[in-house]
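What follows is one structure encoded as structure tokens, with my remarks underneath.
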Amino acid sequence: QVLHPSAMEPCIDKSIPVYVRNIFNPAFPGTVIQGRSATLKDVNTQQKVKNWKSKSGEIPIKGITSVDKTALVTLEGASAGSNVAGRFMNAMDRSGINVLIITQASSEYSITVAVPENEGQKAIDALEDAFELELSRSTINSLSLVTGMAIVAIVGEGMALTSGVSATFMSSLANANVNIRLIAQGSSERQVAVVVSADDASRALRAAHMAFTLSATTASIAVLGSTGDIGSVLMKQIQGREKCLLKDLNVQLIMTCAANSRKMVIAKDINGLDMDKISD
Numbered sequence: 001q002v003l004h005p006s007a008m009e010p011c012i013d014k015s016i017p018v019y020v021r022n023i024f025n026p027a028f029p030g031t032v033i034q035g036r037s038a039t040l041k042d043v044n045t046q047q048k049v050k051n052w053k054s055k056s057g058e059i060p061i062k063g064i065t066s067v068d069k070t071a072l073v074t075l076e077g078a079s080a081g082s083n084v085a086g087r088f089m090n091a092m093d094r095s096g097i098n099v100l101i102i103t104q105a106s107s108e109y110s111i112t113v114a115v116p117e118n119e120g121q122k123a124i125d126a127l128e129d130a131f132e133l134e135l136s137r138s139t140i141n142s143l144s145l146v147t148g149m150a151i152v153a154i155v156g157e158g159m160a161l162t163s164g165v166s167a168t169f170m171s172s173l174a175n176a177n178v179n180i181r182l183i184a185q186g187s188s189e190r191q192v193a194v195v196v197s198a199d200d201a202s203r204a205l206r207a208a209h210m211a212f213t214l215s216a217t218t219a220s221i222a223v224l225g226s227t228g229d230i231g232s233v234l235m236k237q238i239q240g241r242e243k244c245l246l247k248d249l250n251v252q253l254i255m256t257c258a259a260n261s262r263k264m265v266i267a268k269d270i271n272g273l274d275m276d277k278i279s280d
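Sequential numbering from 1 applies to the sequence shown in UniProt numbering.
Okay, structure coming up:
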């Protein structure tokens, strides 16, 4: 959120690489944004569809992101009349509400938008005013607000006309037992976004990263008797193979629990325990 979108235009036009670095960890190499996988013209003219899994080493997406503290606002009504979507969005616009995602049934029976959580009730109030007559006549069944949501999105120009990307994304979330509340995809095929419970957002991000091999596959380890003779040798063997597993097999070992006959230590976050300090 430091780089203004307008500043990206010359970088895109002149193919200028953009380096994204962590100011709290300057030694970390960070990310380089450069080149284009496909333009909008390519998407509109290209007809051949490719499967991303058939090309080794080519990953169709370049990033996975999330937006926390969002809410879902839904309007449902079997006979709400014509131009429901237009009136819905006009109400949002008049109230200055930032709509993050919108989905609509083809019959206009229901419309759902994702908005910042702190604007959720404001959105409901705006819609109650806009559809006051329909609500009084019960031609609109309900207006509902669901808070505690988060948006998880995969982004990449390489997704255009590439089959299997959305399926891989959805399967990864299903395998991680993440329930999807809303799905949206841009017409340019450069982004697929889902809305999930905020409690599931971190798990969804990790699952998507692993599915597209943007990060290593995580293997959680718990060692019982970690300070005994056998446990100590096992710990040294694990540490000795840790870098090789990451480099050769893209598997990252995370120590989640270590215990002996006297005490047990459990990791407090997703980074796991420091293996060098287990004996302490």
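C-beta atoms are modelled at their ideal positions from N, C-alpha and C, and glycine is treated no differently.
In this text the structure is predicted, and so the values were computed from the model without any measurement.
Return helix, strand or coil for residue i, following the three-state DSSP convention.
| i | result |
| --- | --- |
| GLY156 | coil |
| LYS236 | helix |
| ILE102 | strand |
| GLY225 | coil |
| PRO5 | helix |
| VAL32 | strand |
| SER54 | In this prediction, SER54 has a pLDDT of 46, which is less than 50 and means its spatial position is unreliable; nothing more can be read from the coordinates. |
Report, in whole angstroms, the separation of the C-beta atoms of residue i and residue j, which I expect to be a contact under 8 Å.
| i | j | result |
| --- | --- | --- |
| THR70 | MET149 | 5 Å |
| ILE151 | ALA193 | 6 Å |
| ASP13 | ALA198 | Incorrect: roughly 38 Å between the Cβ atoms, too far for contact. |
By Cβ distance, which residues of its chain are closer than 8 Å to residue i, with the 5 residues on each side in sequence left out?
| i | result |
| --- | --- |
| GLU9 | none |
| ASN98 | VAL115, PRO116, GLU119 |
| SER171 | ALA211 |
| LEU3 | VAL18 |
CB-CB under 6 Å to residue i, same chain, minus the five flanking residues each way: which ones, in chain order?
| i | result |
| --- | --- |
| PHE131 | ILE140 |
| GLY156 | PRO60, ILE61, LYS62 |
| LEU245 | VAL251 |
| THR168 | ALA211 |
| LYS236 | none |
Taking 8 Å as the threshold (C-beta atoms), are residue j and residue i in contact?
| i | j | result |
| --- | --- | --- |
| ALA258 | SER226 | yes |
| ALA123 | ARG94 | no |
| ILE101 | VAL251 | no |
| GLN34 | SER15 | yes |
| residue 281 | SER220 | Within the shown structure, residues of the chain are numbered from 1 to 280, placing residue 281 beyond reach of any answer. |
| ALA207 | ASN175 | yes |
| GLU134 | SER110 | no |
Excluding five sequence neighbours on each side, which residues of the same chain lie with their C-beta closer than 7 Å to the C-beta of residue i?
| i | result |
| --- | --- |
| ASN260 | GLY225, SER226, THR227, GLY228 |
| ILE146 | The amino acid at residue 146 is misidentified as Ile; the sequence shows Val. Excluding residues within five positions, the ones whose Cβ falls inside 7 Å are ALA71, LEU72. |
Please determine, among the options, the residue with the shortest C-alpha to C-alpha distance to residue i.
| i | options | result |
| --- | --- | --- |
| VAL113 | SER138, ASN271, ALA184 | ALA184 |
| ILE64 | SER166, THR162, SER136 | SER166 |
| GLY186 | ILE154, ILE180, GLU76, LEU234 | ILE154 |
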